[in-house]
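What follows is a set of notes on a single structure, which appears directly below.
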C-alpha cells in the first residue's frame with residue numbers, strides 16, 4: 001500500500017522529542033562491537049581543558065562508578081584504575097547525530113536538531129501511518145535501541161514540553177491538554193534555562209515548574225527576565241514554538257514500506273514507478289507539475305540514500321518521472337548500496353508549478369517542444385543538469401558577449417534577442433566561437449581596411465580564396481572597463497574550402513592593427 005502525505009499542516013501540532021544521552025560513548029561502543037572488541041571496561045571520553053585532561057563523556061558503567069564529566073583523568077584513575085580511554089571527537093558525534101536525524105525522516109519530513117544530543121520531530125498528521133502516537137514512539141525507540149543507542153523520547157503538543165518530559169520526566173505520550181500537569185513536578189532546569197538562572201530560582205525557593213506556574217507572571221519577569229516566562233509558557237503547552245526543519249518540506253510525498261526489505265534494482269524501479277503514479281495523480285488533481293523530485297531509500301541498518309532529479313517544465317507524467325530516476329540510478333558513479341535491504345522508499349515533490357494542458361497542433365510543433373524538454377531532462381538525469389547547456393541572447397553587439405551559456409533546464413531568459421536572417425542565406429556568425437580569440441600571425445591584407453589575402457594560424461599558412469566584409473564592430477564605450485579597440489570582421493574561405501571568421505583589431509594610421517581568429521563556419 002502507498003501512503004500519501006501532503007504539505008498541508010494541521011493547526012494542532014504534535015512533537016516528538018528524542019534524547020540520546022550517551023551518544024558519544026554509544027558511537028564508540030558500536031565501533032567496538034563491529035570490530036569484535038569486547039567492551040568490558042568502563043569507557044570515558046577525554047578532552048583537554050586548560051592543559052588538563054578531563055572527562056567529557058562517560059558511559060553507563062563509568063557513571064555508575066562515580067565518574068562524571070569534568071573530572072580529571074588523574075582523579076578518575078584514582079577511583080577506577082582499569083578504564084577504557086578515548087579522545088573526544090565532536091565532529092564524529094555531530095555526524096552521527098545528523099545520520100540519525102536523516103534516518104528519522106522515515107517518520108516525518110519535519111525533523112530538526114535539538115542541541116548536540118537531541119532531535120525534534122513534528123509528527124503532526126503522520127501518526128496514523130504507524131497505528132497512533134504510542135505505536136510510532138515505540139517503533140522509533142525500538143529500532144534505535146537495536147542499532148545500539150540509548151534513547152529517551154516523549155510526545156507532546158509543544159517542542160519544549162516534549163523535551164522536558166523526555167529529558168527530565170519519564171517520557172512517553174503527553175495527551176493534548178495535559179502538558180501542565182505532566183511538567184509540574186519537573187525541576188526548573190527542564191525549562192532549558194541557564195545554570196545561573198536555575199541557581200537564582202533555587203535561592204528564591206523556586207525549584208520545580210509548579211512553583212513558577214503558581215506565581216504571578218509579572219514579578220517573575222521583572223526579576224528573572226521575559227525569556228524565563230516564554231520558556232515556561234511553551235513548556236506548559238500554552239504557546240507553540242515552531243520547529244525549524246533541517247531539510248525543506250516537500251509539497252507532496254508518496255512512500256512505500258516493505259514487510260520484507262528489497263535490494264534488487266528492478267524492485268527499486270518498480271516501487272518508484274508506483275510512487276510516481278501516486279504523485280502524478282496528486283499533481284494532476286492540483287493542476288500542477290513537479291519541477292524537482294527526490295527519492296529517499298531507507299536501509300534497514302539506518303543508512304539513507306537520496307537521489308534527486310530536475311524537470312525543465314512542470315512534470316506530472318508517471319512514466320516519464322520513473323524513466324528519469326531509472327536514468328539517474330543507472331548513471332550514478334556511486335551506486336545505491338542496498339546493504340541488507342531497503343524497508344522504505346519515499347518519493348517527494350520538492351517544488352511544483354501550475355501546469356496547463358497543451359492543445360497539439362496539426363504541425364506537431366507542441367509535440368516537438370515536449371520531446372526536446374523530455375530529452376533535456378533525461379540527459380540532465382544521466383550527466384547532471386549543469387552539464388546540459390543552452391545559450392540565451394544578451395544585449396551586446398560584442399560577439400563573445402552576445403550570448404550566455406546557462407543550464408538547459410533553467411528558465412533564465414536573455415536580455416537581448418537573436419539576430420534574424422533570411423531563410424537560405426549564409427549564417428552571419430560561425431557555429432564555433434573561440435573564447436578568447438586566437439592570435440593570427442604573418443597576415444597579409446589590403447590597406448587600409450581590406451580583407452586578409454594570406455595568414456598563418458596554428459603554424460599553418462592559409463591562402464584566402466574568397467572573403468566578405470568588413471563588418472565593423474565598435475567597442476562599448478559606455479562601459480568604463482571596456483579597453484578594446486574597433487574590430488573589422490571578415491568571413492573568409494581558404495583554397496581548401498575551410499571557412500573562418502577573422503577580425504582586425506585597431507585601425508591603420510591610429511593603432512597597430514592585430515589579427516585574430518574568432519570562429520569557424522561549418
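In the UniProt record's numbering, the protein residues as written are 1 to 522. Quick reminder that beta carbons are idealized off the backbone N, C-alpha and C, glycines included.
Could you check the C-alpha separation between residue i and residue j for me, to the nearest Å?
| i | j | result |
| --- | --- | --- |
| residue 450 | residue 327 | 54 angstroms |
| residue 373 | residue 413 | 16 angstroms |
| residue 172 | residue 32 | 31 angstroms |
| residue 163 | residue 138 | 17 angstroms |
| residue 52 | residue 39 | 26 angstroms |
| residue 180 | residue 189 | 16 angstroms |
| residue 45 | residue 221 | 40 angstroms |
| residue 418 | residue 434 | 19 angstroms |
| residue 198 | residue 12 | 31 angstroms |
| residue 339 | residue 381 | 24 angstroms |
| residue 206 | residue 212 | 7 angstroms |
| residue 248 | residue 295 | 14 angstroms |
| residue 490 | residue 474 | 15 angstroms |
| residue 177 | residue 154 | 15 angstroms |
| residue 147 | residue 63 | 22 angstroms |
| residue 461 | residue 508 | 23 angstroms |
| residue 47 | residue 58 | 12 angstroms |
| residue 83 | residue 150 | 21 angstroms |
| residue 289 | residue 402 | 33 angstroms |
| residue 10 | residue 200 | With a pLDDT of only 44 at residue 10, under the threshold of 50, the placement of this residue in the model should not be trusted; the figure read from the coordinates follows. Distance between the alpha carbons of residue 10 and residue 200: 39 angstroms. |
| residue 231 | residue 237 | 10 angstroms |
| residue 124 | residue 113 | 17 angstroms |
| residue 463 | residue 504 | 17 angstroms |
| residue 312 | residue 324 | 12 angstroms |
| residue 522 | residue 429 | 10 angstroms |
| residue 34 | residue 42 | 18 angstroms |
| residue 512 | residue 448 | 12 angstroms |
| residue 136 | residue 127 | 6 angstroms |
| residue 306 | residue 246 | 15 angstroms |
| residue 349 | residue 106 | 16 angstroms |
| residue 6 | residue 37 | Low confidence applies to residue 6: its pLDDT is 42, below 50, so where it sits in the model is not reliable, and the reading given next is rough at best. The alpha-carbon atoms of residue 6 and residue 37 are separated by roughly 46 angstroms. |
Let's test the definition: count the other Cβ atoms within 10 Å of the Cβ of residue i and tell me whether it reaches 16, buried, or not, exposed.
| i | result |
| --- | --- |
| residue 457 | buried |
| residue 369 | exposed |
| residue 478 | exposed |
| residue 111 | buried |
| residue 214 | exposed |
| residue 268 | buried |
| residue 50 | exposed |
| residue 8 | Legend: pLDDT at residue 8 = 41, less than 50; position of this residue unreliable, value from coordinates given subsequently. Counting Cβ neighbours within 10 Å, residue 8 comes out exposed, since fewer than 16 surround it. |
| residue 133 | buried |
| residue 444 | exposed |
| residue 496 | exposed |
| residue 502 | buried |
| residue 425 | exposed |
| residue 517 | buried |
| residue 332 | exposed |
| residue 196 | exposed |
| residue 55 | buried |
| residue 81 | exposed |
Write down the C-beta distance between residue i and residue j rounded to the nearest angstrom, noting that I regard them as a contact closer than 8 angstroms.
| i | j | result |
| --- | --- | --- |
| residue 355 | residue 385 | No, residue 355 and residue 385 are not in contact; Cβ-Cβ is about 19 angstroms, not under 8 angstroms. |
| residue 506 | residue 514 | 6 angstroms |
| residue 26 | residue 20 | 7 angstroms |
| residue 520 | residue 432 | 5 angstroms |
| residue 398 | residue 468 | The Cβ separation is near 20 angstroms, so there is no contact. |
| residue 142 | residue 240 | Not really, about 29 angstroms apart at Cβ, beyond 8 angstroms. |
| residue 193 | residue 228 | 6 angstroms |
| residue 470 | residue 488 | 4 angstroms |
| residue 270 | residue 293 | Not confirmed; about 17 angstroms, so no contact. |
| residue 286 | residue 314 | That pair is no contact at about 11 angstroms. |
| residue 405 | residue 391 | 6 angstroms |
What I want to know is whether the C-beta of residue i ends up closer than 6 angstroms to one or more non-hydrogen atoms of the ligand MG.
| i | result |
| --- | --- |
| residue 225 | Absent from the structure shown: the ligand MG. Ligands present: none. |
Review point. Taking the runs of the beta strand (DSSP E) that are 3 residues or longer, which of them lie wholly in the segment 466-513?
Key: 487-494, 499-505
Check your understanding: Can we say the segment 249-259 touches the segment 337-353, given the rule of at least three CB pairs closer than 8 angstroms?
Key -> yes
Review point. Any chance the segment 302-322 sits against the segment 260-276, with 3 or more Cβ pairs inside 8 angstroms?
Key: yes
Exercise for review: Say whether the segment 294-303 touches the segment 87-106, bearing in mind that this needs 3 or more beta-carbon pairs closer than 8 angstroms, one atom from each stretch.
Suggested key: yes
Exercise for review: Could you say if the segment 114-128 and the segment 150-167 meet the contact criterion of at least three C-beta pairs nearer than 8 angstroms?
Suggested key: yes
Point to revise | Entirely enclosed beta strand (DSSP E) segments - the segment 77-125, minimum 3 residues | key: 84-87, 111-113, 118-122
Review point. Curious, which full-length alpha helix (DSSP H) runs of at least 4 residues does the UniProt domain "DNA polymerase Y-family little finger" (253-347) contain?
Key: 265-286, 318-331
Exercise for review: Could you pull out every unbroken beta strand (DSSP E) segment of at least 3 residues lying fully inside the segment 387-470, listed in chain order?
Suggested key: 389-393, 403-407, 432-445, 452-457
Point to revise | Ranges of the alpha helix (DSSP H) found wholly within the segment 160-227, counting only runs of at least 4 | key: 179-183, 195-203, 209-213, 217-224
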